[in-house]
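Peer 1: Below: one structure in structure tokens.
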Amino acid sequence: MTTITTPSGLQYEDLIVGSGAAAQGGHTVTVHYTGWLTDGKKFDSSKDINDPFQFTLGAREVIAGWDEGVQGMQIGGVRKLTIPPSLGYGVRGAGRTIPPDSTLIFEVELLGALYARG
Numbered sequence: 000m001t002t003i004t005t006p007s008g009l010q011y012e013d014l015i016v017g018s019g020a021a022a023q024g025g026h027t028v029t030v031h032y033t034g035w036l037t038d039g040k041k042f043d044s045s046k047d048i049n050d051p052f053q054f055t056l057g058a059r060e061v062i063a064g065w066d067e068g069v070q071g072m073q074i075g076g077v078r079k080l081t082i083p084p085s086l087g088y089g090v091r092g093a094g095r096t097i098p099p100d101s102t103l104i105f106e107v108e109l110l111g112a113l114y115a116r117g
């Protein structure tokens, strides 16, 4: 597997390349995910509670690393994202779960991608 580093510092690796439509800005995407800190501590997982997460890609509803990292994934694909603090929660962290200046590691599975009807 090849790890790609983007100009923003995001790193991603396609663990499974999907065969469905590619996620694009404006799509409402449905994902399963698991997130870890770099020390291996899991901090969240939609898979553990079997509750897929939906958001509009590119609408800043999620951390910037997700907006950038899910872009271009194909339905059925699984991608590992390594998100630097500048694209995650930065100096503020997130509550007691994610310390300030944390690099985050996510495994994201794209379940669906549809344009919202307006």
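Numbered according to numbering that gives the first Met the number 0, the sequence shown spans residues 0 to 117. Don't be surprised by glycine CBs; every beta carbon is placed ideally from N, CA and C.
1) Based on the DSSP secondary-structure assignment, which residues constitute the bridge partners of residue 46?
2) Please state the DSSP three-state secondary structure of residue 91.
3) Starting from residue 13, trace the beta strand (DSSP E) both ways and give me its first and last residue.
4) Starting from the C-beta of residue 119, find all residues in its chain whose C-beta is less than 6 Å away, skip the five residues before and the five after it, and write them out in chain order.
5) What span of residues does the beta strand (DSSP E) with residue 63 cover, start to end?
6) Taking the alpha-carbon positions, what's the residue 61 to residue 46 distance?
7) To the nearest angstrom, how far is it from the Cα of residue 2 to the Cα of residue 16?
8) Closest by CA to residue 19, which one among 73, 43 and 9?
9) Anyone know if the C-beta pair for residue 22 and residue 69 falls short of 7 Å?
10) Measure the C-alpha to C-alpha separation of residue 97 and residue 8 and round it to an integer number of angstroms.
Peer 2: Answer, in terms of the structure:
1) As a position in the sequence shown, residue 46 is number 47, starting the count at 1. Per DSSP, none; premise fails for residue 46.
2) Counting from one through the sequence shown, the residue named residue 91 turns up at place 92. Residue 91: helix per DSSP, three-state reduction.
3) Counting from one through the sequence shown, the residue named residue 13 turns up at place 14. Taken as a continuous stretch (DSSP letters only), the beta strand (DSSP E) holding residue 13 covers 10–15.
4) Since the first residue of the chain shown is 0 and the last is 117, residue 119 is not available in this structure.
5) For the purposes of this step, residue 63 is taken as residue 64 along the sequence shown, with counting starting at 1. That residue, residue 63, is in no beta strand (DSSP E); its alpha helix (DSSP H) goes 63–69.
6) Stepping through the sequence shown from its first residue, residue 61 is reached at position 62. Stepping through the sequence shown from its first residue, residue 46 is reached at position 47. Distance between the alpha carbons of residue 61 and residue 46: 18 Å.
7) Position 3 of the sequence shown, counted from the start, is the residue given in the question as residue 2. Position 17 of the sequence shown, counted from the start, is the residue given in the question as residue 16. Using only the alpha carbons, I get a separation of about 13 Å.
8) The count along the sequence shown starts at 1 and reaches residue 19 at position 20. Shortest Cα-Cα distance from residue 19 to any of 73, 43 and 9 involves 73.
9) Residue mapping note: residue 22 aligns to position 23 of the sequence shown, counting from 1. Residue mapping note: residue 69 aligns to position 70 of the sequence shown, counting from 1. A distance below 7 Å separates the beta carbons of residue 22 and residue 69.
10) Sequence index remark: in the sequence shown, residue 97 carries index 98 (1-based). Sequence index remark: in the sequence shown, residue 8 carries index 9 (1-based). Between the alpha carbons of residue 97 and residue 8 lies a gap of roughly 19 Å.
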